[in-house]
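Enquirer: Just add 33 to wherever you are in the sequence shown, counting from 1, and you've got my numbering. Beta carbons: idealized from backbone N, C-alpha and C, even for Gly. Since the model is a prediction, treat every value here as computed from it, not as a measurement. Once you've had a glance at the structure underneath, I'll fire off some questions.
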Amino acid sequence: MLRSITKLRGLTTLVAVSLLAASVAEAQQQKRQRGQRGQQRGQSRQRGGGFGGFGGFGGQRGSAGALQLIGREEVRKELKITEEQQGIIRELQTSSRPNFRELLGNIRDLSREEREKKFAELRASSEKKSKEAEADLYGLILDEGQATRLKQIVLQQKGNRALTEPATAKALGLSAAQVAKIKAATTAGQKKQQELTAGLRNAFGGRGQRGKKDDKSKDKKDTKRPSREELTKRFADLRTKGEAIRAETDKAISAVLTAAQKTKFEELKGPKFELARRTRGSRGGNRGGSRKGQNGRKRPQRPGGAKKRNEA
């Protein structure tokens, strides 16, 4: 019993760190790639299923992890999460939300180099903790069938990006040369995608970062905001070109794998699962289904199922 409580307390801390990592990384991404983030996020949500699911050339940071996916209602329904399990997941999510003011201090007083260093340190540490937290989630809260299905869903969301991960590469029997070729194809696809998304600024009349004007006043006529019809046409063109880049990249990756490896990869992903598309304002998930108790942080209670599994 004491052992179970200790593991749950440890899991609470680990989940807190993993959530901090996702939030910190997202803040940094917002600052650097404010213009590109929305399109990449949409691509990540639309891709991921089937062999060609490339996930937006790198995917959305934090979105494909088990801890994030378990916070989505449709995933919990697919896994047949019990009320008891949902309760412990909700409490873990609620109690583990960190106080960023305390953790990061007055970050505005830091130089750019100091901020970058602090973010890098937090990210490196929290990525390690996140892996440990996911291991506890799979082994402590979920039963064997639920854990297997969640891993399949995670793999589907990552798509071809998972091929360069050690666990997936090992399961498929990929050689070092194959992994290198897949990484090269991924890098090439990312470069093309970045060049394409640079066209977003042109679609909005050439505005610079955070409202700064790229042109002098004499060029104002050239930066006039396009009509809604023109914007729609431009975005449609960007989507079409993005689809072509993804198809080209997936084809290059597919050519690296043997027929047996392709079949095995599909088996690892299991039955196809579709995530519901998020609307604006639903960003980030519901973190277990509730935001109550954010200030009064309750300690999560030990589920009966966890006691049986640990004592067995």
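Grouping DSSP H, G and I as helix and E and B as strand, with all else coil, what is R148?
Expert: Here residue 148 refers to the residue found at position 115 of the sequence shown. It is helical.
Enquirer: Expressed to the nearest angstrom, what Euclidean distance is found between the alpha-carbon atoms of R258 and K214?
Expert: As a working mapping, residue 258 is identified with position 225 in the sequence shown. As a working mapping, residue 214 is identified with position 181 in the sequence shown. Answer to the nearest angstrom: the Cα atoms are 42 Å apart.
Enquirer: Which word fits K295, buried or exposed, when buried means at least 16 other C-beta atoms lie within 10 angstroms of its C-beta?
Expert: The residue labelled residue 295 in the question sits at position 262 within the sequence shown. Looking at its Cβ environment, which holds fewer than 16 other Cβ atoms inside 10 Å, K295 is exposed.
Enquirer: In angstroms with no decimal places, state the Cα-to-Cα distance between P304 and L143.
Expert: Residue 304 sits at position 271 when you count from the first residue of the sequence shown. Residue 143 sits at position 110 when you count from the first residue of the sequence shown. For P304 and L143, the distance between alpha carbons rounds to 48 Å.
Enquirer: Mind checking Q227: buried by the 16 CB within 10 Å criterion, or exposed?
Expert: Position 194 of the sequence shown, counted from the start, is the residue given in the question as residue 227. By the 10 Å Cβ count, Q227 comes out exposed.
Enquirer: Keeping to the same chain, check which residues put their C-beta closer than 6 Å to that of A309; ignore five residues upstream and five downstream.
Expert: Your numbering for residue 309 matches position 276 in the sequence shown. Excluding sequence neighbours, A309 sits near E107.
Enquirer: Taking the beta carbon of G192 as the centre, do at least 16 other beta carbons fall within 10 Å, making it buried, or is it exposed?
Expert: Taking the first residue of the sequence shown as 1, we reach residue 192 at position 159. Answer is buried; the Cβ neighbour count reaches 16.
Enquirer: Going by DSSP in three states, I103 sits in which element: helix, strand or coil?
Expert: Here residue 103 corresponds to residue number 70 of the sequence shown, with the count starting at 1. In the structure shown, I103 sits in coil (DSSP, three-state: anything other than H, G, I, E or B).
Enquirer: Contact between the stretch 109-124 and the stretch 169-179: three or more CB pairs below 8 Å?
Expert: Enough Cβ pairs lie closer than 8 Å, so yes.
Enquirer: Taking the alpha-carbon positions, what's the K274 to T230 distance?
Expert: Within the sequence shown, numbered from 1, the residue matching residue 274 stands at position 241. Within the sequence shown, numbered from 1, the residue matching residue 230 stands at position 197. Each residue's Cα considered, the two are about 10 Å apart.
Enquirer: May I have the straight-line CA-CA distance separating K161 from L290, to the nearest angstrom?
Expert: Locating residue 161 in the sequence shown gives position 128, where the first residue counts as 1. Locating residue 290 in the sequence shown gives position 257, where the first residue counts as 1. Using only the alpha carbons, I get a separation of about 29 Å.
Enquirer: Among L112, E111, G104 and K113, which one has its Cα closest to the Cα of I122?
Expert: By 1-based counting over the sequence shown, the position of residue 122 is 89. Per the Cα distances, G104.
Enquirer: Looking only at C-alpha atoms, which of L264, I114, R272 and R261 sits nearest to L170?
Expert: Here residue 170 corresponds to residue number 137 of the sequence shown, with the count starting at 1. Closest by alpha carbon: I114.
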